Structure formats: structure tokens, C-alpha cells
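Participant: For what it's worth, full-length UniProt numbering labels the leading residue of the sequence shown as 1, then goes sequentially. Got a structure here, written out as C-alpha cells. Questions coming.
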Amino acid sequence: MTYPLPSQALRAFLMTLHPGDVVTGVVAGVENFGVFVDLDGAPEAAAGFIPPPEVSWRWITSCHEAVAPGQRVTAQILSLDTELRGQAVLSLVALQPNPWSLWSDRVGSVVRGRVTKLVSFGIFVGLDAGTAGLVHCSEPPPVGPERAVRIGDEMTVRITEVDVPMRRIRLARAGTGD
1 MTYPLPSQAL RAFLMTLHPG DVVTGVVAGV ENFGVFVDLD GAPEAAAGFI
51 PPPEVSWRWI TSCHEAVAPG QRVTAQILSL DTELRGQAVL SLVALQPNPW
101 SLWSDRVGSV VRGRVTKLVS FGIFVGLDAG TAGLVHCSEP PPVGPERAVR
151 IGDEMTVRIT EVDVPMRRIR LARAGTGD
């Protein structure tokens, strides 16, 4: 796909920005492949673009779940394309605390969460701060009478490992005596 080359005014505007700068604007459009942002002070519309992984720390299936057209946003510039697309690539998550790092000092803790997904290799349990951890199918069954686990059930789990860069939390079922 070819894009029209950015105007001189847009190039000049983008040249005043740098990766790491914080900018504001209004969401101009939301697509499955990302979010277009009308940056404050830009001479043209949609001078900012947010790719899906940079929209929210939460698992989302569509950018529509996190932002809406007309919404004001503050974002950090990741990179600039002044030659081909005339856009600043932005991140909303760069300005928010990483929820996985909030769990890293809680390894060994027992917490309660709600079952969010059942897969062949285990059970995903939603924790607060928009994160979920995995109870692997190799973990022993709960103490007490066996029962089927369903989406929405509450579970008591122990945090056994947190991998912040990979955004993974490993959980183990916690017994009633924990």
C-alpha cells in the first residue's frame, strides 16, 4: 500500500518532536489495526498512531474496548516517520505502571481471583490491575471434593512466578489452609 507523502508543514511539525516526548490529542479513529490520533498543534489530522499492543495493558480483542473516537488521550512518542507516513507512533501504556511489575514482589502470596478462561493447558485466573495468571494443568487439583471449574468461579491461588518482560504470572492452586 502506498501512502501520500506528508506535507512540508506536517514534516516540520513532526521534526519538533522526539521519541520519549509526551503529547496529547483526540482519538480520530479506531480500527482493528490501531488508533489514529489528531495531535494537538499538528497541521493535519491523524498525525499520531497507536498500535494495538500500545493501547492497553489489559488483554483486548479490539482497540474499541479501550478508546473511543473523540476521547482525549495523553501518550508517549515511540518513534517518528517523517518521510513516508508522516506520523508519530505513540504509546498509551508507556505512561501507565506495568501491572505485571506490581505482582513481582508478591511471589509466594495467596490471592483470590476469578476464572477468566479455560484452555487445554490450564486455567487463567483474573487478578486485579487487569492481569491474569495461569494455573497450569500440571498443578494438583484443589483440596477437598473435586468439582469442575467454570468461567466466573472464584479461586484461591498462590503466585509462584512473575515474568514481567513476558507478561506472565504463574499460579498454583492454594489449599484451604493457606
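The beta carbon of each residue, even a glycine, is placed where N, CA and C say it ideally should be. Computed from a predicted model, the values in this text were never measured in an experiment.
(1) First and last residue of the beta strand (DSSP E) that includes phenylalanine 49?
(2) Contact check, tryptophan 103 vs valine 162 under 8 angstroms by CB: the rounded distance?
(3) Whose C-beta lies closer than 7 angstroms to the C-beta of glycine 122 among residues of the same chain, with five residues either side of it excluded?
(4) What's the C-alpha gap between threonine 160 and glutamine 96?
(5) Keeping to the same chain, check which residues put their C-beta closer than 8 angstroms to that of valine 164; ignore five residues upstream and five downstream.
(6) Can you look up aspartate 105 in the DSSP assignment and give me helix, strand or coil?
(7) Span of the beta strand (DSSP E) holding phenylalanine 36?
(8) Would you list, in sequence order, the uninterrupted beta strand (DSSP E) runs of no fewer than 3 residues that lie entirely inside the region 73-97?
(9) Under a three-way DSSP split, which group does methionine 155 fall into?
(10) Would you check if the distance between the CB atom of alanine 45 and the CB atom of alanine 68 is smaller than 8 angstroms?
(11) Within the continuous beta strand (DSSP E) that includes phenylalanine 124, where are the two ends?
(12) Buried or exposed for glutamate 65, going by 16 or more other Cβ atoms inside 10 Å?
(13) For alanine 127, I'd like the list of residues in its chain whose CB is within less than 8 angstroms of its CB, leaving aside the five on either flank, ordered along the chain.
Facilitator: With the given structure in hand:
(1) Annotation for phenylalanine 49: the continuous beta strand (DSSP E) segment containing it runs 48-50.
(2) Indeed, because the Cβ distance is near 5 angstroms, the residues count as touching under 8 angstroms.
(3) Taken in chain order, the residues that qualify are Leu134, Val135, His136 and Cys137.
(4) Here the alpha carbons of glutamine 96 and threonine 160 stand approximately 25 angstroms from one another.
(5) Within the same chain, Asn98, Trp100, Ser101 and Ser104 come within 8 angstroms of valine 164 by CB-CB distance, once the 5 residues on both sides are set aside.
(6) Correct three-state label for aspartate 105: helix.
(7) Its beta strand (DSSP E) spans residues 34-39.
(8) The region 73-97 contains these whole beta strand (DSSP E) runs: 87-91.
(9) In the structure shown, methionine 155 sits in a strand (DSSP, three-state: E or B).
(10) The criterion of a C-beta distance shorter than 8 angstroms is not satisfied by alanine 45 and alanine 68.
(11) Membership of phenylalanine 124 in the beta strand (DSSP E) is indicated by the continuous run 122-126.
(12) Glutamate 65 should be labelled exposed.
(13) What sits at residue 127 in the sequence shown is leucine, not alanine. Answer for leucine 127: Trp103, Val111, Gly113, Gly133 and Ile169, listed in chain order.
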